[in-house]
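Chains A and B, in that order, are what the protein sequence lines are.
Under my numbering, residues 1042 to 1275 are what the first sequence spells out, in order.
Under my numbering, residues 1042 to 1275 are what the second sequence spells out, in order.
Please read the structure below before turning to the comments.
2 protein chains.
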Amino acid sequence: MKLQERESYYKEALPVLLAVDCIIFGFDREQLKLLLFKRKIEPFKNEWSVIGSFMKPDESAEAAAVRVLGEYTGLEEIFMEQLGCYSQVDRDPGARVVSQAFFALIRLDEKKEQTVATHEAKWFDLEEVPGLILDHNLMIGDALEKLKRKARYRPIGFELLPKKFTLPQLQKLYEAIYQQSFDSRNFRKKILSLQVLKKLDEKDKSTSRKGAFLYTFNKRKYQSLVERGGQFLM
Amino acid sequence: MKLQERESYYKEALPVLLAVDCIIFGFDREQLKLLLFKRKIEPFKNEWSVIGSFMKPDESAEAAAVRVLGEYTGLEEIFMEQLGCYSQVDRDPGARVVSQAFFALIRLDEKKEQTVATHEAKWFDLEEVPGLILDHNLMIGDALEKLKRKARYRPIGFELLPKKFTLPQLQKLYEAIYQQSFDSRNFRKKILSLQVLKKLDEKDKSTSRKGAFLYTFNKRKYQSLVERGGQFLM
DNA sequence: TCAAAAGTGTTCAAGTTACACCCATGT
DNA sequence: ACATGGGTGTAACTTGAACACTTTTGA
Chain A
1042 MKLQERESYY KEALPVLLAV DCIIFGFDRE QLKLLLFKRK IEPFKNEWSV IGSFMKPDES
1102 AEAAAVRVLG EYTGLEEIFM EQLGCYSQVD RDPGARVVSQ AFFALIRLDE KKEQTVATHE
1162 AKWFDLEEVP GLILDHNLMI GDALEKLKRK ARYRPIGFEL LPKKFTLPQL QKLYEAIYQQ
1222 SFDSRNFRKK ILSLQVLKKL DEKDKSTSRK GAFLYTFNKR KYQSLVERGG QFLM
Chain B
1042 MKLQERESYY KEALPVLLAV DCIIFGFDRE QLKLLLFKRK IEPFKNEWSV IGSFMKPDES
1102 AEAAAVRVLG EYTGLEEIFM EQLGCYSQVD RDPGARVVSQ AFFALIRLDE KKEQTVATHE
1162 AKWFDLEEVP GLILDHNLMI GDALEKLKRK ARYRPIGFEL LPKKFTLPQL QKLYEAIYQQ
1222 SFDSRNFRKK ILSLQVLKKL DEKDKSTSRK GAFLYTFNKR KYQSLVERGG QFLM
């Protein structure tokens, strides 16, 4: 009898299709970029879309997101976070599909470009994002908002840079995120006062004759900063 | 042929059951409270749970959340926001159920207590939250974290107070959220400097002989504050 | 030697913290 | 008249903003 009750409880529920969509940000030393791809199959064949997939029976939304990120970028460790659930009844005319969106930050890296290319994926400047299928443009707007907010209290910007980076690079990144320029003296002061960077003895000479010192991000110090509840930046 | 492709595309997807769960916060002038209810049916009969429901075919997650909030509290306009998607494969032993969680803030109000009571729901102090079914304790932890973070840049605290409230009440609320006490002079200075409150000519004499002036929240001024990107509090 | 980007300090304004007493009122 | 909670100001300190010149080096 208990079993019957239990069964009927679940029976009243409507099964829907669940998808994950990943809004993937990258940074190419100048511009914030978004990874989009052109669909190769119907429905919406040849239209641009963010990268997604249906969830498989044996995976959580997070696992599905990790899977598609790996497929399209060749990367396994990616900073990724839930963005939100998109569940308008008529959002997908082909079926009742609910999408759990994630946003992800990756280091742009020539080595991986081939993987990206084979999937007919392409990096777009933020200003050049085309019209996308379904509610994907909406997702991107939400992701941008979240990125800006998040970057204030978490140094997620570092996820977008190579492991070794220079302060001018970091500044350019924040300028791209917030669409404004910062005073370099104040910027350096603020960043360095957080004491989460380690200065290396190497210089990156790719952008100037003088060369700029490389830094790495000290995760341990960062953790203690977060635990102290620290506001991060900007 | 196109149609066939389209059908097969959706066919590869696995339908899952979708639920919404609402983490409902209230404030009773002293303590932050959580609304929980005791399940009347199997599975998990007589165990405590946050308030939830399966999504119906013709509603979005938001609509489902509004529906259950209405059913359990009698309220129609409730501050509510997505918390996250809980999709661990084995989170519900009875079926593959993915839950979209929301957190909601409501004004505690005697008028509505009857509705709450008829659903065998009960307000719990945060420290007294019992063991809950499934991953509901996890959701509550996440909701608390989000509440704290959110209250820093949005005056969501106001959602938890009556429309007219006193500054000592507001201070108690923030003290409950952040589990620390604030200096009343500094607190008042900070709040009033935001210029989002309107002082009324009435006093609330329920807690002191002198009485405390009542204030209301000026939504228009608040909007312009948010648009200027203002940090809010704390 | 010069062009181009990296790096560096100081001053002023604003905001945050710490701190203690008087006020208004009902009983 | 007194107990109770409401309300107020100031000084020290910290943080953020504005601002311009020197350094390094490859070509």
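For each residue, glycine too, the CB sits at the ideal point set by N, CA and C.
Can you give the Cα-Cα distance for residue i and residue j, rounded to whole angstroms?
i                       : j                       : result
residue 1164 of chain A : residue 1249 of chain A : 26 Å
residue 1095 of chain A : residue 1139 of chain A : 10 Å
residue 1061 of chain B : residue 1159 of chain B : 21 Å
residue 1282 of chain A : residue 1201 of chain B : Any question about residue 1282 of chain A goes unanswered here, given that chain A covers just 1042 to 1275.
residue 1156 of chain B : residue 1116 of chain B : 10 Å
residue 1132 of chain A : residue 1078 of chain B : 33 Å
residue 1070 of chain A : residue 1142 of chain A : 26 Å
residue 1100 of chain B : residue 1146 of chain B : 22 Å
residue 1175 of chain A : residue 1125 of chain B : 21 Å
residue 1042 of chain B : residue 1129 of chain B : Any reading at residue 1042 of chain B needs caution, since the residue's pLDDT is 44, under 50, leaving its predicted position unreliable; the model's value is listed next. Their Cα atoms are separated by approximately 37 Å.
residue 1226 of chain B : residue 1211 of chain B : 13 Å
residue 1173 of chain A : residue 1150 of chain A : 25 Å
residue 1135 of chain A : residue 1074 of chain A : 30 Å
residue 1224 of chain A : residue 1263 of chain A : 24 Å
residue 1050 of chain B : residue 1168 of chain B : 48 Å
residue 1205 of chain A : residue 1252 of chain A : 14 Å
residue 1183 of chain B : residue 1170 of chain B : 14 Å
residue 1261 of chain A : residue 1243 of chain A : 22 Å
residue 1107 of chain B : residue 1108 of chain A : 33 Å
residue 1055 of chain A : residue 1059 of chain B : 7 Å
residue 1221 of chain B : residue 1082 of chain B : 40 Å
residue 1191 of chain A : residue 1191 of chain B : 11 Å
residue 1265 of chain B : residue 1247 of chain A : 44 Å
residue 1245 of chain A : residue 1105 of chain A : 37 Å
Cα-Cα, which of the options is closest to residue i?
i                       : options                           : result
residue 1089 of chain B : B/1177, B/1153 and B/1231         : B/1177
residue 1127 of chain A : A/1052, A/1181 and A/1232         : A/1181
residue 1199 of chain A : A/1242, A/1220 and A/1148         : A/1148
residue 1196 of chain B : B/1231, B/1175 and B/1183         : B/1231
residue 1233 of chain B : B/1186, B/1209, B/1108 and B/1116 : B/1209
residue 1068 of chain A : A/1213, A/1264 and A/1226         : A/1213
residue 1186 of chain B : B/1055, B/1052, B/1054 and B/1064 : B/1064
residue 1203 of chain A : A/1119, A/1107 and A/1099         : A/1119
residue 1066 of chain A : A/1058, A/1057, A/1081 and A/1092 : A/1092
residue 1216 of chain A : A/1050, A/1072 and A/1184         : A/1072
residue 1161 of chain B : B/1080, B/1175 and B/1219         : B/1080
residue 1218 of chain A : A/1261, A/1174 and A/1189         : A/1189
residue 1154 of chain B : B/1076, B/1052 and B/1235         : B/1076
residue 1122 of chain B : B/1108, B/1130 and B/1103         : B/1103
residue 1194 of chain B : B/1099, B/1235 and B/1222         : B/1235
residue 1002 of chain B : A/1171, A/1205, A/1262 and A/1053 : Residue 1002 of chain B falls outside the range modelled here, since chain B spans only 1042 to 1275, and no answer is possible.
residue 1179 of chain B : B/1144, B/1108, B/1245 and B/1243 : B/1144
residue 1057 of chain B : A/1082, A/1107, A/1206 and A/1137 : A/1137
residue 1228 of chain B : B/1246, B/1261, B/1170 and B/1207 : B/1207
Determine the extent of the beta strand (DSSP E) in which residue i is found, giving its start and end residues.
i                       : result
residue 1159 of chain B : Where residue 1159 of chain B is concerned, there is no enclosing beta strand (DSSP E), although the alpha helix (DSSP H) it sits in stretches over 1154 to 1159.
residue 1067 of chain A : 1056 to 1068
residue 1142 of chain B : 1138 to 1146
residue 1257 of chain B : 1253 to 1258
residue 1245 of chain B : 1238 to 1245
residue 1121 of chain B : 1120 to 1127
residue 1094 of chain B : 1092 to 1095
residue 1076 of chain B : 1073 to 1079
residue 1163 of chain A : 1162 to 1166
Determine the extent of the alpha helix (DSSP H) in which residue i is found, giving its start and end residues.
i                       : result
residue 1230 of chain B : 1225 to 1234
residue 1110 of chain B : 1102 to 1114
Flag residue i as yes when its Cβ comes closer than 7 Å to any non-hydrogen atom of the ligand SAH, and as no otherwise.
i                       : result
residue 1071 of chain A : Because no ligand of any kind appears in the structure shown, any question about the ligand SAH cannot be addressed here.
Could you say if the region 1229 to 1239 of chain A and the region 1253 to 1261 of chain A meet the contact criterion of at least three C-beta pairs nearer than 8 Å? Flag = yes, the region 1229 to 1239 of chain A and the region 1253 to 1261 of chain A touch.
Is the region 1105 to 1123 of chain B in contact with the region 1080 to 1087 of chain A, if contact means three or more CB pairs nearer than 8 Å? No, the region 1105 to 1123 of chain B is not in contact with the region 1080 to 1087 of chain A.
Kindly provide the ranges of any alpha helix (DSSP H) runs that are 4 or more residues long and lie completely inside the region 1180 to 1221 of chain A, ordered along the chain. Fully enclosed alpha helix (DSSP H) runs of 4 or longer: 1208 to 1219.
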